[in-house]
Amino acid sequence: MEKVQFQLEATLPELKDLHEKGLFSKDEIDQITRRRTHLETSLIRQGVRKEDFFKYAEYEINLEKLRKVRWRRLGYDKNPPPPSASLFSIPRRTMYILKRATVKFPGDIATWLAYVEYAGREGMRKIVTKGLTSALQHHPLSSTLYLLSSFHYVHPGAPFPRSAIPSASTLDLPSAAADTDEDEDETKCGVFALEGTQPARTTLLLGLRMLPANHDLWREYIKLELGWVEALRRRWKVLGISNTAQPSAVAWEESTGGEGSFGPEGEDARKAILGGQLVLQAIRSALAATPVTFGSSSSNSNGGLDFREGLLATLRTYPSPLRPTCLEVVYGDLEKVAEWGGRAGAQARMLLLTKGLYDRPYEARRKDDGRVVLEGVELVEAIGTIGKEIRKAVKSAGAVFGEVAGLWLDQRIQENKENPELVSCPNCAGLHQQNSS
1 MEKVQFQLEA TLPELKDLHE KGLFSKDEID QITRRRTHLE TSLIRQGVRK EDFFKYAEYE
61 INLEKLRKVR WRRLGYDKNP PPPSASLFSI PRRTMYILKR ATVKFPGDIA TWLAYVEYAG
121 REGMRKIVTK GLTSALQHHP LSSTLYLLSS FHYVHPGAPF PRSAIPSAST LDLPSAAADT
181 DEDEDETKCG VFALEGTQPA RTTLLLGLRM LPANHDLWRE YIKLELGWVE ALRRRWKVLG
241 ISNTAQPSAV AWEESTGGEG SFGPEGEDAR KAILGGQLVL QAIRSALAAT PVTFGSSSSN
301 SNGGLDFREG LLATLRTYPS PLRPTCLEVV YGDLEKVAEW GGRAGAQARM LLLTKGLYDR
361 PYEARRKDDG RVVLEGVELV EAIGTIGKEI RKAVKSAGAV FGEVAGLWLD QRIQENKENP
421 ELVSCPNCAG LHQQNSS
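Residues in the sequence shown are numbered from 1 upward in steps of one, following my numbering.
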(Lines of atoms letter the chains of each structure in order from A and count residues from 1; the text may use other names and numbers.)
(Lines give C-alpha, C1' and ligand atoms only; values in the text may rest on other atoms or scores of the structure.)
Protein backbone atom coordinates (compact mmCIF):
# COMPACT_ATOMS: atom_id res chain seq x y z
CA MET A 1 0.00 0.00 0.00
CA GLU A 2 2.98 2.29 0.35
CA LYS A 3 3.33 2.36 -3.45
CA VAL A 4 -0.33 3.28 -3.79
CA GLN A 5 0.02 6.03 -1.20
CA PHE A 6 3.07 7.40 -2.98
CA GLN A 7 1.26 7.57 -6.32
CA LEU A 8 -1.79 9.27 -4.79
CA GLU A 9 0.23 11.88 -2.92
CA ALA A 10 1.70 13.00 -6.24
CA THR A 11 -1.83 13.97 -7.40
CA LEU A 12 -2.62 16.30 -4.46
CA PRO A 13 -1.48 19.57 -6.16
CA GLU A 14 -3.51 18.67 -9.23
CA LEU A 15 -6.69 17.87 -7.25
CA LYS A 16 -6.33 21.05 -5.20
CA ASP A 17 -6.03 23.14 -8.35
CA LEU A 18 -9.07 21.46 -9.95
CA HIS A 19 -11.14 22.30 -6.87
CA GLU A 20 -9.92 25.91 -6.65
CA LYS A 21 -10.83 26.55 -10.28
CA GLY A 22 -14.32 25.20 -9.71
CA LEU A 23 -13.92 22.34 -12.19
CA PHE A 24 -14.77 19.65 -9.61
CA SER A 25 -16.57 19.81 -6.28
CA LYS A 26 -15.17 18.45 -3.02
CA ASP A 27 -17.37 15.34 -3.24
CA GLU A 28 -16.15 14.71 -6.80
CA ILE A 29 -12.53 15.11 -5.69
CA ASP A 30 -13.12 12.51 -2.99
CA GLN A 31 -14.72 10.19 -5.54
CA ILE A 32 -11.74 10.63 -7.88
CA THR A 33 -9.36 9.78 -5.04
CA ARG A 34 -11.27 6.62 -4.12
CA ARG A 35 -11.43 5.52 -7.73
CA ARG A 36 -7.71 6.08 -8.24
CA THR A 37 -6.94 4.20 -5.04
CA HIS A 38 -8.88 1.19 -6.30
CA LEU A 39 -7.21 1.31 -9.73
CA GLU A 40 -3.72 1.77 -8.29
CA THR A 41 -4.28 -1.17 -5.97
CA SER A 42 -5.20 -3.37 -8.94
CA LEU A 43 -1.79 -2.63 -10.49
CA ILE A 44 0.27 -3.95 -7.56
CA ARG A 45 -1.61 -7.17 -6.97
CA GLN A 46 -0.34 -10.54 -8.09
CA GLY A 47 -1.50 -11.61 -11.51
CA VAL A 48 -1.94 -8.06 -12.82
CA ARG A 49 -3.15 -7.93 -16.43
CA LYS A 50 -2.62 -5.41 -19.17
CA GLU A 51 -6.37 -4.76 -19.12
CA ASP A 52 -5.94 -3.32 -15.61
CA PHE A 53 -3.58 -0.68 -17.00
CA PHE A 54 -5.92 0.02 -19.92
CA LYS A 55 -8.88 0.38 -17.56
CA TYR A 56 -6.94 2.87 -15.44
CA ALA A 57 -5.80 4.84 -18.50
CA GLU A 58 -9.33 4.92 -19.92
CA TYR A 59 -10.62 6.33 -16.65
CA GLU A 60 -8.04 9.13 -16.79
CA ILE A 61 -8.91 9.83 -20.43
CA ASN A 62 -12.60 10.19 -19.59
CA LEU A 63 -11.69 12.39 -16.64
CA GLU A 64 -9.69 14.68 -18.91
CA LYS A 65 -12.62 14.81 -21.32
CA LEU A 66 -14.91 15.95 -18.50
CA ARG A 67 -12.36 18.54 -17.38
CA LYS A 68 -12.24 20.04 -20.88
CA VAL A 69 -16.04 20.24 -21.09
CA ARG A 70 -16.24 22.09 -17.78
CA TRP A 71 -13.27 24.25 -18.73
CA ARG A 72 -15.19 25.54 -21.75
CA ARG A 73 -18.44 25.84 -19.77
CA LEU A 74 -16.73 28.15 -17.26
CA GLY A 75 -15.31 30.31 -20.04
CA TYR A 76 -11.67 29.51 -19.37
CA ASP A 77 -11.11 28.87 -23.08
CA LYS A 78 -11.88 32.56 -23.83
CA ASN A 79 -10.15 34.02 -20.79
CA PRO A 80 -7.58 31.41 -19.72
CA PRO A 81 -5.99 31.65 -16.26
CA PRO A 82 -2.20 31.30 -15.76
CA PRO A 83 -0.81 27.78 -16.34
CA SER A 84 -1.21 25.59 -13.29
CA ALA A 85 -0.77 22.00 -12.10
CA SER A 86 -4.05 20.65 -13.48
CA LEU A 87 -3.64 21.92 -17.04
CA PHE A 88 -1.58 18.98 -18.33
CA SER A 89 -1.43 16.69 -15.32
CA ILE A 90 -4.12 14.21 -16.41
CA PRO A 91 -2.67 13.51 -19.90
CA ARG A 92 0.78 13.26 -18.31
CA ARG A 93 -0.56 10.80 -15.77
CA THR A 94 -2.22 8.76 -18.51
CA MET A 95 1.10 8.56 -20.33
CA TYR A 96 2.78 7.44 -17.10
CA ILE A 97 0.22 4.64 -16.67
CA LEU A 98 0.68 3.41 -20.24
CA LYS A 99 4.45 3.62 -19.85
CA ARG A 100 4.22 1.38 -16.78
CA ALA A 101 2.21 -1.05 -18.89
CA THR A 102 5.00 -1.25 -21.49
CA VAL A 103 7.54 -1.88 -18.73
CA LYS A 104 5.37 -4.61 -17.21
CA PHE A 105 4.44 -6.22 -20.54
CA PRO A 106 7.23 -5.40 -23.02
CA GLY A 107 6.44 -8.49 -25.07
CA ASP A 108 2.82 -7.48 -25.67
CA ILE A 109 2.53 -5.30 -28.75
CA ALA A 110 -0.92 -4.03 -27.72
CA THR A 111 0.59 -2.09 -24.82
CA TRP A 112 3.10 -0.39 -27.13
CA LEU A 113 0.39 0.46 -29.66
CA ALA A 114 -1.80 2.01 -26.96
CA TYR A 115 1.19 3.98 -25.64
CA VAL A 116 2.28 5.50 -28.97
CA GLU A 117 -1.28 6.04 -30.18
CA TYR A 118 -2.22 8.10 -27.15
CA ALA A 119 1.04 10.05 -27.33
CA GLY A 120 0.34 10.80 -30.99
CA ARG A 121 -3.19 11.96 -30.23
CA GLU A 122 -1.86 14.34 -27.59
CA GLY A 123 0.85 15.71 -29.90
CA MET A 124 3.79 14.30 -27.89
CA ARG A 125 6.13 13.83 -30.83
CA LYS A 126 9.29 13.02 -28.91
CA ILE A 127 7.51 10.39 -26.83
CA VAL A 128 6.09 8.82 -29.99
CA THR A 129 9.55 8.57 -31.53
CA LYS A 130 11.09 7.05 -28.40
CA GLY A 131 8.14 4.72 -27.91
CA LEU A 132 8.27 3.37 -31.46
CA THR A 133 12.03 2.89 -31.23
CA SER A 134 11.69 0.93 -28.00
CA ALA A 135 8.78 -1.07 -29.39
CA LEU A 136 10.79 -2.08 -32.46
CA GLN A 137 13.60 -3.30 -30.21
CA HIS A 138 11.14 -5.72 -28.59
CA HIS A 139 9.17 -6.52 -31.75
CA PRO A 140 11.51 -6.31 -34.76
CA LEU A 141 9.17 -8.47 -36.86
CA SER A 142 6.07 -6.31 -36.47
CA SER A 143 5.21 -4.64 -39.76
CA THR A 144 2.69 -2.41 -37.98
CA LEU A 145 5.43 -0.70 -35.97
CA TYR A 146 7.49 0.01 -39.08
CA LEU A 147 4.43 1.48 -40.80
CA LEU A 148 3.54 3.67 -37.82
CA SER A 149 7.13 4.86 -37.48
CA SER A 150 7.24 5.80 -41.16
CA PHE A 151 3.90 7.61 -40.87
CA HIS A 152 5.17 9.56 -37.87
CA TYR A 153 8.23 10.79 -39.75
CA VAL A 154 6.33 11.80 -42.88
CA HIS A 155 3.32 13.32 -41.06
CA PRO A 156 4.80 14.81 -37.88
CA GLY A 157 2.26 16.01 -35.36
CA ALA A 158 -0.64 14.16 -37.00
CA PRO A 159 -2.48 11.49 -34.98
CA PHE A 160 -2.13 7.96 -36.21
CA PRO A 161 -5.08 6.83 -38.38
CA ARG A 162 -7.11 4.28 -36.46
CA SER A 163 -7.25 2.08 -39.56
CA ALA A 164 -3.46 1.61 -39.34
CA ILE A 165 -3.60 0.28 -35.77
CA PRO A 166 -4.75 -3.33 -35.28
CA SER A 167 -7.61 -3.91 -32.85
CA ALA A 168 -5.29 -5.78 -30.47
CA SER A 169 -5.87 -3.28 -27.67
CA THR A 170 -9.08 -2.78 -25.71
CA LEU A 171 -8.08 0.79 -24.88
CA ASP A 172 -10.45 3.35 -26.36
CA LEU A 173 -9.57 6.99 -26.82
CA PRO A 174 -12.86 8.85 -26.42
CA SER A 175 -11.24 12.24 -25.85
CA ALA A 176 -9.30 12.02 -29.10
CA ALA A 177 -12.28 10.74 -31.05
CA ALA A 178 -14.51 13.51 -29.75
CA ASP A 179 -12.06 16.38 -30.15
CA THR A 180 -10.82 15.48 -33.63
CA ASP A 181 -12.96 15.36 -36.72
CA GLU A 182 -12.27 12.66 -39.31
CA ASP A 183 -12.05 15.20 -42.12
CA GLU A 184 -9.56 17.24 -40.11
CA ASP A 185 -7.51 14.08 -39.56
CA GLU A 186 -7.38 13.47 -43.29
CA THR A 187 -6.32 17.08 -43.89
CA LYS A 188 -3.54 16.86 -41.32
CA CYS A 189 -2.35 13.52 -42.67
CA GLY A 190 -2.25 15.01 -46.16
CA VAL A 191 0.71 17.26 -45.23
CA PHE A 192 3.84 15.53 -46.52
CA ALA A 193 7.01 16.53 -44.62
CA LEU A 194 9.98 16.38 -46.96
CA GLU A 195 12.44 16.47 -44.07
CA GLY A 196 10.96 13.24 -42.74
CA THR A 197 11.41 11.31 -45.98
CA GLN A 198 14.92 10.06 -45.25
CA PRO A 199 14.20 8.60 -41.77
CA ALA A 200 10.92 7.15 -43.06
CA ARG A 201 12.74 5.54 -45.98
CA THR A 202 15.39 4.12 -43.65
CA THR A 203 12.70 2.68 -41.39
CA LEU A 204 10.80 1.00 -44.22
CA LEU A 205 13.97 -0.41 -45.77
CA LEU A 206 14.93 -1.83 -42.38
CA GLY A 207 11.50 -3.39 -42.14
CA LEU A 208 11.85 -4.86 -45.62
CA ARG A 209 15.19 -6.33 -44.64
CA MET A 210 13.50 -8.08 -41.72
CA LEU A 211 10.30 -8.89 -43.67
CA PRO A 212 11.33 -9.00 -47.34
CA ALA A 213 7.99 -10.29 -48.66
CA ASN A 214 5.63 -8.15 -46.59
CA HIS A 215 3.02 -6.60 -48.87
CA ASP A 216 2.10 -3.70 -46.62
CA LEU A 217 5.70 -2.55 -46.25
CA TRP A 218 6.32 -2.66 -49.99
CA ARG A 219 3.10 -0.79 -50.68
CA GLU A 220 3.96 1.95 -48.19
CA TYR A 221 7.52 2.18 -49.49
CA ILE A 222 6.23 2.77 -53.02
CA LYS A 223 3.79 5.39 -51.73
CA LEU A 224 6.64 7.07 -49.84
CA GLU A 225 8.77 7.37 -52.98
CA LEU A 226 5.76 8.61 -54.95
CA GLY A 227 4.98 11.17 -52.27
CA TRP A 228 8.58 12.36 -52.15
CA VAL A 229 8.74 12.91 -55.91
CA GLU A 230 5.35 14.64 -55.95
CA ALA A 231 6.33 16.92 -53.04
CA LEU A 232 9.54 17.90 -54.82
CA ARG A 233 7.68 18.50 -58.08
CA ARG A 234 5.17 20.82 -56.41
CA ARG A 235 7.89 22.67 -54.50
CA TRP A 236 9.96 23.22 -57.64
CA LYS A 237 6.86 24.33 -59.50
CA VAL A 238 6.15 26.97 -56.85
CA LEU A 239 9.78 28.12 -57.05
CA GLY A 240 9.44 28.51 -60.82
CA ILE A 241 11.94 25.79 -61.73
CA SER A 242 10.87 24.45 -65.12
CA ASN A 243 11.72 21.18 -66.85
CA THR A 244 13.61 22.85 -69.68
CA ALA A 245 17.36 22.29 -69.69
CA GLN A 246 19.80 25.20 -69.71
CA PRO A 247 22.03 25.42 -72.80
CA SER A 248 25.28 25.68 -70.88
CA ALA A 249 26.80 25.89 -67.43
CA VAL A 250 27.42 29.63 -67.80
CA ALA A 251 23.86 30.33 -68.90
CA TRP A 252 22.57 28.17 -66.06
CA GLU A 253 24.66 30.05 -63.49
CA GLU A 254 23.52 33.42 -64.80
CA SER A 255 19.85 32.43 -64.83
CA THR A 256 19.76 30.86 -61.36
CA GLY A 257 22.22 32.99 -59.43
CA GLY A 258 25.24 30.68 -59.35
CA GLU A 259 25.75 29.26 -55.86
CA GLY A 260 22.90 27.10 -54.64
CA SER A 261 21.60 26.24 -58.12
CA PHE A 262 21.30 22.74 -59.51
CA GLY A 263 23.90 23.11 -62.25
CA PRO A 264 23.88 21.04 -65.49
CA GLU A 265 24.58 17.74 -63.70
CA GLY A 266 22.12 18.52 -60.95
CA GLU A 267 19.49 19.36 -63.54
CA ASP A 268 19.90 15.90 -65.09
CA ALA A 269 19.50 14.32 -61.65
CA ARG A 270 16.43 16.46 -60.99
CA LYS A 271 14.83 15.32 -64.22
CA ALA A 272 15.64 11.72 -63.38
CA ILE A 273 13.85 12.15 -60.06
CA LEU A 274 10.81 13.75 -61.69
CA GLY A 275 10.84 10.99 -64.29
CA GLY A 276 10.21 8.50 -61.51
CA GLN A 277 13.34 6.37 -61.74
CA LEU A 278 13.40 5.76 -57.99
CA VAL A 279 9.69 4.96 -57.93
CA LEU A 280 9.93 2.56 -60.86
CA GLN A 281 12.89 0.79 -59.26
CA ALA A 282 10.90 0.45 -56.03
CA ILE A 283 7.98 -1.09 -57.94
CA ARG A 284 10.25 -3.53 -59.77
CA SER A 285 11.89 -4.56 -56.51
CA ALA A 286 8.49 -5.06 -54.89
CA LEU A 287 7.25 -7.22 -57.76
CA ALA A 288 10.42 -9.31 -57.64
CA ALA A 289 10.12 -9.81 -53.87
CA THR A 290 6.46 -10.90 -54.03
CA PRO A 291 6.32 -13.64 -56.66
CA VAL A 292 3.06 -15.06 -57.92
CA THR A 293 2.25 -18.63 -56.88
CA PHE A 294 1.51 -20.83 -59.87
CA GLY A 295 -0.43 -24.05 -59.69
CA SER A 296 -3.77 -25.69 -60.38
CA SER A 297 -5.32 -24.64 -57.07
CA SER A 298 -8.94 -23.62 -57.28
CA SER A 299 -8.52 -21.03 -54.53
CA ASN A 300 -9.09 -17.40 -55.48
CA SER A 301 -6.41 -16.24 -53.01
CA ASN A 302 -2.90 -15.74 -54.36
CA GLY A 303 -0.54 -13.59 -52.30
CA GLY A 304 1.60 -12.29 -55.14
CA LEU A 305 -1.36 -11.61 -57.40
CA ASP A 306 -3.34 -10.02 -54.59
CA PHE A 307 -0.41 -7.67 -53.99
CA ARG A 308 -0.38 -6.65 -57.64
CA GLU A 309 -4.11 -6.04 -57.65
CA GLY A 310 -3.82 -3.94 -54.49
CA LEU A 311 -0.89 -2.05 -55.98
CA LEU A 312 -2.99 -1.20 -59.03
CA ALA A 313 -5.72 0.17 -56.76
CA THR A 314 -3.14 2.27 -54.89
CA LEU A 315 -1.58 3.71 -58.03
CA ARG A 316 -4.98 4.53 -59.54
CA THR A 317 -5.86 6.73 -56.57
CA TYR A 318 -2.48 8.25 -55.69
CA PRO A 319 -2.20 11.89 -56.88
CA SER A 320 0.89 11.80 -59.09
CA PRO A 321 1.62 12.46 -62.79
CA LEU A 322 3.74 9.29 -62.68
CA ARG A 323 0.57 7.17 -62.50
CA PRO A 324 0.55 5.95 -66.16
CA THR A 325 4.26 5.08 -66.07
CA CYS A 326 3.94 3.16 -62.83
CA LEU A 327 0.85 1.31 -64.03
CA GLU A 328 2.68 0.20 -67.18
CA VAL A 329 5.38 -1.45 -65.06
CA VAL A 330 2.76 -3.47 -63.19
CA TYR A 331 0.93 -4.34 -66.40
CA GLY A 332 4.18 -5.53 -67.94
CA ASP A 333 4.66 -7.90 -65.00
CA LEU A 334 1.05 -9.11 -65.31
CA GLU A 335 1.61 -9.91 -68.99
CA LYS A 336 4.44 -12.23 -67.97
CA VAL A 337 2.21 -13.86 -65.36
CA ALA A 338 -0.59 -14.31 -67.93
CA GLU A 339 1.77 -16.19 -70.26
CA TRP A 340 2.33 -18.87 -67.62
CA GLY A 341 -1.32 -19.88 -67.70
CA GLY A 342 -3.15 -21.60 -64.88
CA ARG A 343 -5.47 -19.82 -62.48
CA ALA A 344 -2.94 -17.12 -61.65
CA GLY A 345 -2.42 -16.46 -65.36
CA ALA A 346 -6.19 -16.27 -65.90
CA GLN A 347 -6.57 -13.75 -63.09
CA ALA A 348 -3.69 -11.70 -64.47
CA ARG A 349 -5.29 -11.72 -67.92
CA MET A 350 -8.58 -10.46 -66.46
CA LEU A 351 -6.76 -7.59 -64.76
CA LEU A 352 -5.26 -6.65 -68.11
CA LEU A 353 -8.56 -6.92 -69.98
CA THR A 354 -10.43 -4.72 -67.51
CA LYS A 355 -7.80 -2.02 -66.95
CA GLY A 356 -9.61 0.36 -69.30
CA LEU A 357 -12.53 0.54 -66.86
CA TYR A 358 -10.40 1.98 -64.07
CA ASP A 359 -7.44 3.83 -65.60
CA ARG A 360 -7.43 7.50 -66.49
CA PRO A 361 -4.74 10.24 -66.56
CA TYR A 362 -3.99 12.21 -63.43
CA GLU A 363 -5.58 15.63 -62.99
CA ALA A 364 -4.42 17.89 -60.17
CA ARG A 365 -7.86 19.09 -59.04
CA ARG A 366 -9.62 15.74 -59.27
CA LYS A 367 -9.72 13.14 -56.52
CA ASP A 368 -9.84 9.61 -57.91
CA ASP A 369 -11.43 6.85 -55.84
CA GLY A 370 -10.25 3.85 -57.88
CA ARG A 371 -13.73 2.89 -59.05
CA VAL A 372 -14.99 2.49 -62.61
CA VAL A 373 -14.31 5.74 -64.44
CA LEU A 374 -16.60 5.18 -67.44
CA GLU A 375 -20.29 6.04 -67.49
CA GLY A 376 -23.33 5.56 -69.68
CA VAL A 377 -22.78 4.44 -73.26
CA GLU A 378 -18.99 4.33 -72.85
CA LEU A 379 -19.32 1.89 -69.95
CA VAL A 380 -21.76 -0.35 -71.86
CA GLU A 381 -19.51 -0.40 -74.92
CA ALA A 382 -16.42 -1.11 -72.82
CA ILE A 383 -18.09 -4.04 -71.04
CA GLY A 384 -19.30 -5.35 -74.39
CA THR A 385 -15.75 -5.20 -75.77
CA ILE A 386 -14.46 -7.01 -72.70
CA GLY A 387 -17.10 -9.68 -73.20
CA LYS A 388 -15.94 -10.25 -76.80
CA GLU A 389 -12.30 -10.48 -75.72
CA ILE A 390 -13.23 -12.94 -72.98
CA ARG A 391 -15.11 -15.21 -75.38
CA LYS A 392 -12.10 -15.23 -77.72
CA ALA A 393 -9.69 -15.93 -74.87
CA VAL A 394 -11.77 -18.79 -73.46
CA LYS A 395 -11.17 -20.85 -76.61
CA SER A 396 -7.39 -20.68 -76.22
CA ALA A 397 -6.99 -20.32 -72.43
CA GLY A 398 -9.34 -23.11 -71.42
CA ALA A 399 -12.00 -23.61 -68.77
CA VAL A 400 -9.97 -22.05 -65.96
CA PHE A 401 -10.04 -18.67 -67.62
CA GLY A 402 -13.75 -19.03 -68.31
CA GLU A 403 -14.36 -19.68 -64.62
CA VAL A 404 -12.31 -16.65 -63.56
CA ALA A 405 -14.06 -14.45 -66.14
CA GLY A 406 -17.45 -15.72 -64.99
CA LEU A 407 -16.66 -14.83 -61.39
CA TRP A 408 -15.67 -11.33 -62.51
CA LEU A 409 -18.95 -10.98 -64.41
CA ASP A 410 -20.94 -12.19 -61.39
CA GLN A 411 -19.32 -9.46 -59.30
CA ARG A 412 -20.25 -6.83 -61.89
CA ILE A 413 -23.86 -8.08 -61.89
CA GLN A 414 -24.01 -7.84 -58.10
CA GLU A 415 -22.59 -4.29 -58.24
CA ASN A 416 -25.11 -3.19 -60.90
CA LYS A 417 -28.33 -4.71 -59.61
CA GLU A 418 -30.05 -1.35 -59.98
CA ASN A 419 -28.79 -0.97 -63.57
CA PRO A 420 -28.75 -4.50 -65.06
CA GLU A 421 -28.69 -3.12 -68.60
CA LEU A 422 -25.01 -2.20 -68.08
CA VAL A 423 -24.02 -5.87 -68.14
CA SER A 424 -26.82 -7.22 -70.33
CA CYS A 425 -24.85 -7.25 -73.59
CA PRO A 426 -25.12 -10.54 -75.56
CA ASN A 427 -21.48 -11.47 -75.08
CA CYS A 428 -21.65 -10.93 -71.34
CA ALA A 429 -24.95 -12.73 -70.98
CA GLY A 430 -23.65 -15.74 -72.84
CA LEU A 431 -20.55 -15.87 -70.72
CA HIS A 432 -22.60 -15.60 -67.52
CA GLN A 433 -24.80 -18.55 -68.63
CA GLN A 434 -21.69 -20.56 -69.47
CA ASN A 435 -20.24 -19.90 -66.03
CA SER A 436 -23.53 -20.74 -64.26
CA SER A 437 -23.74 -24.07 -66.03
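Glycine residues also receive a C-beta, built at the ideal position from the N, C-alpha and C atoms.
Cα separation between residue i and residue j?
i: Ser142; j: Ser150; result: 13 Å
i: Glu60; j: Pro140; result: 31 Å
i: Leu407; j: Glu225; result: 35 Å
i: Glu309; j: Ile413; result: 20 Å
i: Lys16; j: Asp27; result: 13 Å
i: Gly275; j: Leu322; result: 7 Å
i: Val337; j: Val116; result: 41 Å
i: Arg316; j: Leu8; result: 55 Å
i: Leu305; j: Lys55; result: 42 Å
i: Met122; j: Thr41; result: A small fix is needed here, since residue 122 is Glu in this sequence, not Met. Using only the alpha carbons, I get a separation of about 27 Å.
i: Ile32; j: Thr111; result: 25 Å
i: His155; j: Ile222; result: 16 Å
i: Ala85; j: Ala193; result: 34 Å
i: Ser320; j: Arg366; result: 11 Å
i: Glu220; j: Gly345; result: 26 Å
i: Pro80; j: Leu74; result: 10 Å
i: Leu311; j: Val103; result: 38 Å
i: Gly398; j: Leu327; result: 27 Å
i: Pro324; j: Tyr362; result: 8 Å
i: Ser134; j: Ser285; result: 29 Å
i: Ala10; j: Thr202; result: 41 Å
i: Gly303; j: Leu148; result: 23 Å
i: Asp77; j: Val292; result: 58 Å
i: Glu415; j: Ile109; result: 39 Å
i: Arg92; j: Glu20; result: 20 Å
i: Trp236; j: Ala200; result: 22 Å
Residue i lies in the alpha helix (DSSP H); which residues open and close that run?
i: Ser142; result: Looking at the DSSP string, Ser142 is not in any alpha helix (DSSP H), and its letter there is neither H nor E.
i: Met95; result: Ser89 to Lys104
i: Gln198; result: Thr197 to Met210
i: Tyr118; result: Ile109 to Arg121
i: Asn62; result: Lys50 to Arg73
i: Thr290; result: Run containing Thr290: none; DSSP gives neither H nor E here.
i: Arg323; result: Arg323 to Trp340
i: Phe6; result: Glu2 to Glu9
i: Tyr221; result: His215 to Val238
i: Ser396; result: Gly376 to Ala397
i: Arg316; result: Gly303 to Thr317
i: Gln46; result: Looking at the DSSP string, Gln46 is not in any alpha helix (DSSP H), and its letter there is neither H nor E.
i: Thr354; result: Run containing Thr354: none; DSSP gives neither H nor E here.
i: Lys126; result: Arg125 to His138
Just to confirm, is the Cβ distance from residue i to residue j under 7 Å?
i: Leu357; j: Ala348; result: no
i: Ile97; j: Leu63; result: no
i: Gly196; j: Tyr153; result: yes
i: Gly227; j: Leu217; result: no
i: Lys3; j: Ile44; result: yes
i: Val329; j: Leu280; result: yes
i: Val400; j: Met350; result: no
i: Thr290; j: Ala393; result: no
i: Ile386; j: Leu353; result: yes
i: Phe294; j: Gly332; result: no
i: Arg70; j: Leu18; result: no
i: Ala114; j: Val128; result: no
i: Ala101; j: Lys50; result: yes
i: Val373; j: Arg391; result: no
i: Pro106; j: His138; result: yes
i: Phe307; j: His215; result: yes
i: Ala313; j: Gly370; result: yes
Classify residue i as buried or exposed, calling it buried when 16 or more other Cβ atoms lie within 10 Å of its own Cβ.
i: Ser25; result: exposed
i: Val58; result: The residue asked about is misnamed: residue 58 is Glu in this sequence, not Val. Its Cβ being crowded by 16 or more others within 10 Å, Glu58 is buried.
i: Asp52; result: buried
i: Ser396; result: exposed
i: Leu239; result: exposed
i: His38; result: exposed
i: Glu381; result: exposed
i: Val229; result: buried
i: Ala269; result: exposed
i: Gly402; result: buried
i: Met1; result: exposed
i: Glu375; result: exposed
i: Phe6; result: exposed
i: Glu378; result: exposed
i: Leu12; result: exposed
i: Gly157; result: exposed
i: Ala288; result: exposed
i: Leu205; result: exposed
Should residue i be flagged as near chain D, meaning a C-beta pair shorter than 7 Å?
i: Gly275; result: Note that chain D does not occur in the displayed structure, where there is just one protein chain.
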